[in-house]
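Structure, as structure tokens:
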Amino acid sequence: MGDSKKIVIIGGGITGLSAAFYLDKLAEVSGTKHQITVLEQSDQLGGKIQTIRKDGFVIEKGPDSFLSRKLPAYELAKELGIEGELVGTNPAAKKTYILHKGRFHRMPQGLNLGIPTEISPFATTGLISPAGKLRALMDIVLPKKQEDKDESLGHFLHRRLGKEVLERVAEPLLAGIYAGDTYKLSLKATFPQFRQMEQRHRSLILGMKASMAKAGQTENLPDIVKQSRFLSFRNGLQTLVDHLVADLQKNDIQLLTKTKVQSVTHAGPSPDGVKKSPFQVILDGGESIPADSIILALPTKAISNLLSSTFPMAEELEKIQYVSVANVIMTFNREDIQHSLDGSGFVVPRKEKTSITACTWTSSKWGHTAPDGKVVIRCYVGRSGDEEIAAEDDDVIIARVQKDLENLMGIKATPLFYAVNRWPNSMPQYPVGHLELVEKVRKELSAYMPGVYMVGAGFGGVGVPDCIRQGKGAAQQAYAHLLKA
């Protein structure tokens, strides 16, 4: 690159840290000069990935795992040399329950992402009425939709499988990932594989069966990826952040916390003709950091605010809404819990009207999270259309969650420890047409401010691997841009 180039990454969550890591690797391999600075507004790096390690418990405040088959997270762990610390879910806790009319029903075997692929278990479940089962099986004979126009996830599943399967099975499983409303979430942005299955196999059920058969034939994946659908680390997900930060510090990457950015501007031409960096990152205190390239790894609202005075289309990002959620972590003595905890937990359809939207029996699902004789339970509250509870005082949230646990699981014991973790405006909602909106804004930004890139959960995937993938992609784009600059 000639003279040392300055890259500023705004946002020190997993996306921003991944971008810094891969930028550094690209520069190292090519022997080029670079100055990478990561700016984070809060007092810690890692974003929502935060692990509590207390009295032998390993407790996640944010995400508790990642999908193993989405390989960017595994690949990053391997590059950091910590793949040996990965752990899978407890094979003895494969059951998942769905609440229906106040009772737990085991999710039928063969159900994948809410799609039935085995007739017998689906035919005998008490979750769905006989009429609902017949309607779902009509998917096998229904024609495929010809037009490729985006539609909502809810309308798609209603069209293919019927209302009962959507409301009682698919909605709590799939919409729960986004804390969203299936009738408002974009199919293309959330589960594009469903549309592909319909197009290739005409039937969603037949397409899912074919997909599962193909997945079973995968040869070149590591054993731990093949053995468990979800992965975490023995000492919690923060292990990934800790090693990322250590690697970046070792390589002299500047990591600044408690640093709020006010705006991003074009530097403009130099009056003395001396070449300078094209952008300026203006901090809250008025200081300015020059940049040859910028990666904005932030929520879309924050990006819109930073670019509002510079980029005319920034306000388009306001169309991407976010939902507030919270989770409640409780620990108990095992002897005080009468429930068998014989699975990974349960999910709750909207019609059940509980405060809890889902519950993970964490110590059953993950063997590394609790000492012998102890139990960890994590309950989720808040979703699209029902966000108010996430803003309530701790006492109110705890009382409502404990009431649900007593009614559903018979738990009356006082927790040894509890924590309420609020995540305001944390879950992006991808509306119908989301991908087209993102593509349009990114294209305009590329033309208007070449060298500035937008990534994060608000753009293309909320999971840890999705964010790592986006960070790596932004690093590659920024590096390619600087080579040409």
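All the letters of the sequence shown, read from the start, carry residue numbers 1 to 485 under UniProt numbering.
Think of the CB as a built atom: it goes at the ideal place given N, C-alpha and C, for glycine as much as any other residue.
Cβ separation of Y453 and L296, assumed to be a contact under 8 Å, to the nearest whole Å: Their Cβ separation, rounded to whole angstroms, is 7 Å, which keeps Y453 and L296 in contact under 8 Å.
Using DSSP with H/G/I as helix, E/B as strand and the rest coil, what is S120? Correct three-state label for S120: helix.
Kindly examine the ligand ZN and report whether one of its heavy atoms sits closer than 7 Å to the Cβ of K25. No copy of the ligand ZN occurs in the structure displayed, which carries no ligand at all.
Do A170 and L185 have their C-beta atoms within less than 8 Å of each other? In this structure, L185 does not lie closer than 8 Å to A170 by Cβ.
Output yes or no for whether 8 Å exceeds the beta carbon distance between R400 and A179. No.
Please go through the segment 35–107 and give each complete beta strand (DSSP E) segment of 3 or more residues, from N-terminal end onward. As summarised for the segment 35–107, the continuous beta strand (DSSP E) elements at least 3 residues long and confined to that stretch are 51–54, 57–60, 86–88, 96–100 and 103–106, given in chain order.
What are the residues that DSSP puts in a beta bridge with R383? BP columns for R383 point to D386.
Out of L306, N421 and D181, point me to the one whose CA is closest to E318's CA. Nearest neighbour of E318 by Cα position, chosen from L306, N421 and D181, turns out to be L306.
From S232, Q50 and K188, residue whose alpha carbon lies closest to that of H155: The residue with the shortest Cα to Cα distance from H155 is K188.
Classify T125 as helix, strand or coil using the three-state DSSP reduction. Look at T125 here: in three-state DSSP terms it is coil, with no helix or strand label.
Put T259 into one of helix, strand or coil per three-state DSSP. Reduced to three states, the DSSP call for T259 is coil.
Out of L166, G102 and E387, which one is the CA nearest neighbour of K133? Distances from the alpha-carbon of K133 to those of L166, G102 and E387 put L166 closest.
Can you list, in chain order, the residues of its chain with a C-beta nearer than 6 Å to that of K301? Leave out the 5 residues immediately preceding and following it. For K301, where only same-chain residues beyond five positions count, there are no Cβ hits under 6 Å.
Between I7, A19, K250 and S4, which lies nearest to V455 when the distance is taken from Cα to Cα? The candidate whose alpha carbon is nearest that of V455 is A19.
With contact counted as at least three CB pairs below 8 Å, one residue from each stretch, are the segment 259–266 and the segment 79–95 in contact? These segments do not touch.
From F459, A213 and I289, residue whose alpha carbon lies closest to that of V441: With respect to the C-alpha of V441, the residue from F459, A213 and I289 having the closest C-alpha is F459.
When the Cα of V420 is compared with those of A131, G47, R378 and S355, which residue comes out closest? Nearest option by C-alpha distance: R378.
Please list the terminal residues of the continuous alpha helix (DSSP H) segment that includes I303. Residues T300 to L307.
Helix, strand or coil: how does DSSP classify V441 here? Helix, per DSSP.
What do you get for I9, buried or exposed, if any count of 16 or more other CB atoms within 10 angstroms of its CB means buried? Buried is the call here.
Does the count of Cβ pairs from the segment 50–69 and the segment 224–242 closer than 8 Å reach three? Because the criterion of three Cβ pairs below 8 Å is met, the segment 50–69 and the segment 224–242 touch.
Option in E79, L206, V264 and E83 with minimal Cα separation from L111: Nearest C-alpha to L111: L206.
Please give the ranges of any beta strand (DSSP E) in the segment 418–477, keeping only runs that are unbroken, at least 3 residues long and fully inside the region. Counting only runs of 3+ residues, the beta strand (DSSP E) found wholly inside the segment 418–477 occupies 452–455, in chain order.
For M212, the nearest candidate out of T357, Q199 and K226 (CA to CA): It is K226.
Going by CA-CA distance only, name the one from V328, G367, Y448 and L244 that's closest to I82. For I82, the closest of V328, G367, Y448 and L244 by C-alpha to C-alpha distance is L244.
Could you round the C-beta distance between F332 and A210 to whole angstroms and report it? I think they count as a contact, below 8 Å. The C-beta separation of F332 from A210 comes to about 43 Å, leaving the pair out of contact by the 8 Å criterion.
In angstroms, rounded to a whole number, what distance separates the CA positions of residue 527 and V87? What the structure shows of the chain is the stretch from 1 to 485, and residue 527 is not part of that stretch, so it cannot be assessed.
Are the CB atoms of A457 and P424 within a distance shorter than 8 Å? No.
Which of helix, strand or coil does DSSP assign to A20? Helix, per DSSP.
Rounded to whole angstroms, how far is the Cβ of K365 from the Cβ of G345, which I believe are closer than 8 Å? Indeed they touch by this definition, with Cβ atoms about 7 Å apart.
For E198, is the classification buried or exposed, using 16 other Cβ atoms within 10 angstroms of its Cβ as the cut-off for buried? Its Cβ being crowded by 16 or more others within 10 Å, E198 is buried.
Could you pull the start and end residues of the beta strand (DSSP E) that Q109 belongs to? Note, Q109: premise wrong, no beta strand (DSSP E); not H, not E.
Would you decide whether I119 is buried or exposed? Buried here means 16 or more other CB atoms lie within 10 Å of its CB. Within a 10 Å sphere around the beta-carbon of I119 sit fewer than 16 other beta-carbons, which makes this residue exposed.
In the segment 340–410, which residue ranges form an unbroken beta strand (DSSP E) of at least 3 residues, counting only runs that do not cross its ends? The qualifying runs are 345–347, 356–360 and 374–381.
If I measure Cβ to Cβ from G273 and keep anything under 7 Å in the same chain, skipping five residues before and after, which residues do I get? Reliability fails at G273, whose pLDDT of 49 lies under 50, so the model's placement of it is uncertain and no value is given.
Can you look up F191 in the DSSP assignment and give me helix, strand or coil? When DSSP states are grouped into helix, strand and coil, F191 belongs to the coil group.
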